[in-house]
Structures are given as C-alpha cells and as structure tokens.
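Take a look at the structure set out below.
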Amino acid sequence: MSTCPVPLTNSSVIPVSSNPPIPTEKMDRSIDRRQCGQCHQSIGSEALVAMNRLWHPDHFTCSSCKRPIKQTFQAADNHAYCVQCFAQKYNPKCAGCMETLVDTCLLALDRHWHPRCFTCSSCNRPLPNGEFYLVDDKPYDLDCHWAKRLEKREHMEKGER
Numbered sequence: 006m007s008t009c010p011v012p013l014t015n016s017s018v019i020p021v022s023s024n025p026p027i028p029t030e031k032m033d034r035s036i037d038r039r040q041c042g043q044c045h046q047s048i049g050s051e052a053l054v055a056m057n058r059l060w061h062p063d064h065f066t067c068s069s070c071k072r073p074i075k076q077t078f079q080a081a082d083n084h085a086y087c088v089q090c091f092a093q094k095y096n097p098k099c100a101g102c103m104e105t106l107v108d109t110c111l112l113a114l115d116r117h118w119h120p121r122c123f124t125c126s127s128c129n130r131p132l133p134n135g136e137f138y139l140v141d142d143k144p145y146d147l148d149c150h151w152a153k154r155l156e157k158r159e160h161m162e163k164g165e166r
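Under the numbering used here, the first residue of the sequence shown carries the number 6, and numbering increases by one thereafter.
Below, the structure written as structure tokens:
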C-alpha cells in the first residue's frame, strides 16, 4: 500500500489571462489578426488569452460541459477543460465506489482507492493507515486476518477445502 505518488491530474492548472500576448512564432496566427479562437471574428476590447490564442470571453469554453472558462483550466489533447471536467475525464476512479479520485488516494492491490473505501473484506471497517493482510487475495485488518487464517486451518484439518 502506498499513497498516490503523483498528483492525480496529469496536467497543470493554467490561468486564463486577460492581457494580450506579444505574438511569437509558436502562437496561433489568429493572435496577429486579433481573431477569436472559436468564431474567428474580430476581437474587440475584451479578450481572453489561452492556449496560444485569443478568445471572446464567452467563447473559451470547456470541451466537455461547454460552459465558459473564466479562471483556470487544464488542457489535454489540444482541448481545454474546466478543472472539474478534467478530473472526471482523466483522473482514476476509486476501486471501491467508482467515483473520481480528486485529492488523497491509496494505491493498493494495483488499484486506486479513497482511504474510506479501502476496507477489511470481513468487517468492512476502513483499514487503518492502509495497513492490511492478504488472505485469498482479499485485504483484511489484523484481527480479521487471524480469524480467517484460523478458519482456513480448521477447514484443512477437517479435510475440507
């Protein structure tokens, strides 16, 4: 068991700027022409700068939920996402509840877990500090581990499997 070693989102959060950039070779040519990256119409006095392009404030939108992005976003595959949609699309899901992992997670049994969802297979209590013992490839806390091993031993002594 270990805590997730890297931030769950694999892209940094990028601020949206309202200051027009000085054009460089890497920037989209639409900046030179002051055109919106979505509608390709002329930009007036208000513009957002993101992903090397200018945008009308309401035209820089999340590729998933389509809502305007006003402050920060994350980019993947040349698409912009609001932070919430990016997490929903790219972060791992908890093996226990299948919800998106956002903050802290445990990495155990080759899967990601919320700490509250990584529980003993017998008593269903969260495993303290992620510490567990395997019996038949299932996690158990210390007490349930010994009870399960004793149960298995008794079955073996009776000739059961």
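For every residue, glycine included, the Cβ atom is placed at its ideal position computed from N, Cα and C.
Keep in mind the model is a prediction, meaning the values are calculated, not measured.
Separation of residue j from residue i, as counted between CA atoms
i: residue 118; j: residue 155; result: 28 Å
i: residue 109; j: residue 120; result: 8 Å
i: residue 73; j: residue 105; result: 23 Å
i: residue 88; j: residue 60; result: 19 Å
i: residue 100; j: residue 77; result: 29 Å
i: residue 92; j: residue 164; result: 51 Å
i: residue 66; j: residue 83; result: 13 Å
i: residue 141; j: residue 62; result: 56 Å
i: residue 107; j: residue 116; result: 15 Å
One or two residues paired with residue i in a DSSP bridge
i: residue 117; result: 112
i: residue 131; result: 124
i: residue 60; result: 53
i: residue 84; result: 81
i: residue 40; result: 47
i: residue 139; result: 144
Secondary structure of residue i, DSSP reduced to three states
i: residue 71; result: coil
i: residue 107; result: coil
i: residue 157; result: helix
i: residue 98; result: strand
Closest Cα partner of residue i within the set the options
i: residue 49; options: 123, 39 and 130; result: 39
i: residue 131; options: 54, 141 and 146; result: 146
i: residue 86; options: 70, 115, 98 and 54; result: 70
i: residue 94; options: 68, 75, 111 and 128; result: 68
i: residue 57; options: 123, 47 and 42; result: 42
Environment of residue i [buried if 16+ CB atoms lie within 10 Å]
i: residue 44; result: exposed
i: residue 150; result: buried
i: residue 133; result: exposed
i: residue 111; result: buried
i: residue 139; result: exposed
i: residue 125; result: buried
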